[in-house]
Structure formats: structure tokens, C-alpha cells
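According to my numbering, the sequence shown is numbered sequentially starting from 1357. Heads up, the thing below is written out as C-alpha cells.
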Amino acid sequence: MEILVGLALLGLLAGLFVANVGTLVGNRKVDVEEVFWKAVVEARKYALLQGTDVRLSFDAKEKTFKASTSAGSRTFPVPVDGELEIDFLGVSKGGRTTVLIGGTLVETQPLPYVTFYSDGTCSDFRAQLRQNQGEPRYVRIDPWTCAPMLAQVGSNP
């Protein structure tokens, strides 16, 4: 009898734990980089499955990514509070193309969109992610795999 009562209590505690884990994960803040990677994965997957090129852009006013094809478009909202800037930046052969304005490095080659091709590759680009006027985070994308490119030791993004 004691074993059955013990098992019942363990089952009750496990049920409470599982229910509360769902609310903890649901209340977690959304990271801008997570949403960016979700949009990249979805755009690449759509290009592969449909056999067509997909253009991915970001609308700062609406806070949405937009994946466009000749057949239509799909949007991915970014559920974050405050200001959000996501810029797609071109990659030149000579490296970065930035100028210093008022103590801030400003990219000189922003792209209106990036393209994901039907063979699974994408444009050679970097993304600059900035939330609430904070420090920008740079993500370099490998054009062959559309995955994050690892930074070399001692180099800037």
C-alpha cells in the first residue's frame, strides 16, 4: 500500500512539473536571433520544396520578415517589444565596407532583400541585428549551406 501511495505522489508531482514547464517556456522572452534563424530556415525550405527562388526581406515598421516568390508571399512576425533593426548587408571581396559616423560604424552596402535559391544555396550576406538601440550583433551566413558561418579566431564579423 505504501508503494502505491508513493507512486501516486510521484505521478502527481510529475504532472505538476510538466504543466509548469509549459508555462515557463511560454513566458520566455523571444530572442531576435532565434526569429531571424527561423525565417532563414523557412525561406530556404520553401525554396527547396517549391523549386523556386525566394526573396527574404525585413519590414522594420511592421516587424515582420517577408518571404516572396513569383507565386506570392509569406510573413513571419517578430514578437519583440521596443525598436528593432535588422539589416541585410552585402559582402564585398575586400571585406567589410563601413564608415565611421559620429562614433558609430555604419554599413555602406545594405541589401533590400536576400535570395534563397532552389538548389539550397543563398546570397552571400551578413545580418545586423539591433534591438532598442543596443549594440548590434552581426551574423555571417554561409552561402552554400545558409547556416551561421563560424568566425575566425581574432577576426571581426
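Built from N, CA and C at the ideal position, the CB exists for glycine as well. Treat the numbers as computed from the prediction; the structure is a model and nothing was measured.
Check: Three-state class that DSSP yields for E1528 in the structure shown; Outcome: Within the shown structure, residues of the chain are numbered from 1357 to 1513, placing residue 1528 beyond reach of any answer.
Check: Pick from A1416, K1394, A1503 that is closest to I1442, judged by C-alpha positions; Outcome: A1416
Check: Three or more C-beta pairs below 8 Å linking the segment 1490-1497 and the segment 1421-1434; Outcome: no
Check: Whole-angstrom distance between F1373 and R1418, CA atom to CA atom; Outcome: With the sequence shown as reference, residue 1418 is identified as Glu, and Arg is not the correct amino acid for it. Taking the straight line from one Cα to the other gives about 37 Å.
Check: Top-ranked residue by Cα proximity to D1409, from D1475, N1488, G1490; Outcome: D1475
Check: Cβ-based neighbour list, I1457, same chain, cut-off 8 Å, excluding 5 preceding and 5 following; Outcome: Note that I1457 has pLDDT 47, beneath the 50 cutoff, so the model's placement of it is unreliable and the number below is only indicative. Hits under 8 Å: none found.
Check: Secondary structure of L1369, DSSP reduced to three states; Outcome: helix
Check: Residue burial classification, L1485 (beta-carbon count within 10 angstroms, cutoff 16); Outcome: buried
Check: Whole-angstrom distance between G1371 and T1471, CA atom to CA atom; Outcome: 46 Å
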